[in-house]
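In the working numbering, the protein residues as written are 57 to 260. Just so it is clear, CB atoms sit at the ideal spot from N, CA and C, and this is done for glycine as well. Because the structure is a prediction, the values reported are computed rather than measured. Okay, so here's the structure we're looking at.
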Amino acid sequence: MIVYLVRHGQTAYNRDGLGLGRADVPLTPLGEQQAAAVGARLATEPITRIFSSPLGRALATARAVGGERAIAIEPRVELLEMDVGHTEGMTFAAMREQHGEFLKEWAGPNGEHACMPGGERIIDVDARLSPFVDELLTLDEAAVAVVSHNFVTKLAICRLLGLPLATFRSFATDVASISTFDVRGGRVMVRALNDICHLNTLEP
């Protein structure tokens with residue numbers, strides 16, 4: 057089975073560098089183009105199931121992945137982005153001013169245990185996501201797509217590869233990126249990580 061982990065296209069919060077978690081903000085026009093580019097990139101792949109976060113930006117990207125396939129999108133609450141609490145919609149400068157102690161803890165060696173002010177910890181997201189990843193590994197499909205968010209995608213990668221949670225800092229998952237894995241006999245192999253080549257022709 058091939059697993060495609062897709063991050064949703066750009067939103068205004070992504071564009072403007074604002075904290076983004078559970079706010080249900082839509083794709084920008086560029087984000088819609090990015091979603092379409094993801095769909096075009098995966099159009100000929102043998103995808104038989106598509107899972108998505110229930111937030112609109114992910115569902116819109118998932119529909120682009122579905123394209124002309126007669127596949128119903130399967131929303132899963134496990135794929136919701138981390139609740140970033142009071143930092144939702146904040147600039148990094150404002151975050152540094154108002155939540156400096158949190159940022160120190162977040163950047164430290166045990167950042168996965170740091171709690172977003174009024175929100176979740178990385179370990180909380182992993183706890184709700186890990187049963188879904190376990191389920192994913194049992195599927196008997198040609199290929200599946202999972203459309204979600206930054207932290208969720210990072211933690212899914214850590215889970216698939218058996219990496220410590222702290223490894224989430226060690227790679228990027230850009231908007232509209234595709235990370236591809238082969239799952240065979242319980243073994244997982246990376247085919248591509250944070251692939252954004254399909255976005256090269258889009259205007260910024």
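In the three-state scheme derived from DSSP, where H, G and I count as helix and E and B as strand, F207 is classed as helix.
With three or more CB-CB distances shorter than 8 angstroms, the segment 136-151 counts as touching the segment 66-81. Under the three-state reduction of DSSP output, L219 falls in the coil class, being neither helix nor strand.
For F188, the uninterrupted alpha helix (DSSP H) run begins and ends at 178-194, by DSSP.
DSSP, read as helix, strand or coil, puts S233 in coil.
The DSSP-derived three-state label of V94 is helix.
D190 is the residue among S109, N70, Q89, D190 whose C-alpha sits nearest the C-alpha of G242. Between H155 and R113, the C-beta spacing is not below 8 angstroms. For E130, DSSP records a beta bridge to F107.
About 5 angstroms separates the CB atoms of Q66 and V231; that is less than 8 angstroms, so the two are in contact.
Residue environment for C253: exposed (fewer than 16 other C-beta atoms within 10 angstroms of its C-beta). Pairing D139 with G175 gives a Cβ-Cβ distance under 8 angstroms. When P165, E137, V62 are compared, the shortest CA-CA separation from A118 is found for V62.
Inter-segment contact for the segment 193-208 and the segment 122-138 is present: three or more beta-carbon pairs are separated by less than 8 angstroms.
Pairing E144 with R78, the inter-Cα distance amounts to about 8 angstroms.
Judged by DSSP in its simplified three-state form, V246 adopts strand.
In the DSSP assignment, R71 falls outside any beta strand (DSSP E) and within the unbroken alpha helix (DSSP H) covering 68-72. Boundaries cannot be given for L135, as no alpha helix (DSSP H) includes it and DSSP labels it neither H nor E. N166 counts as exposed, since fewer than 16 other C-beta atoms from the protein chains shown sit within 10 angstroms of its C-beta. DSSP places I58 within a strand segment (E or B) once states are collapsed to three.
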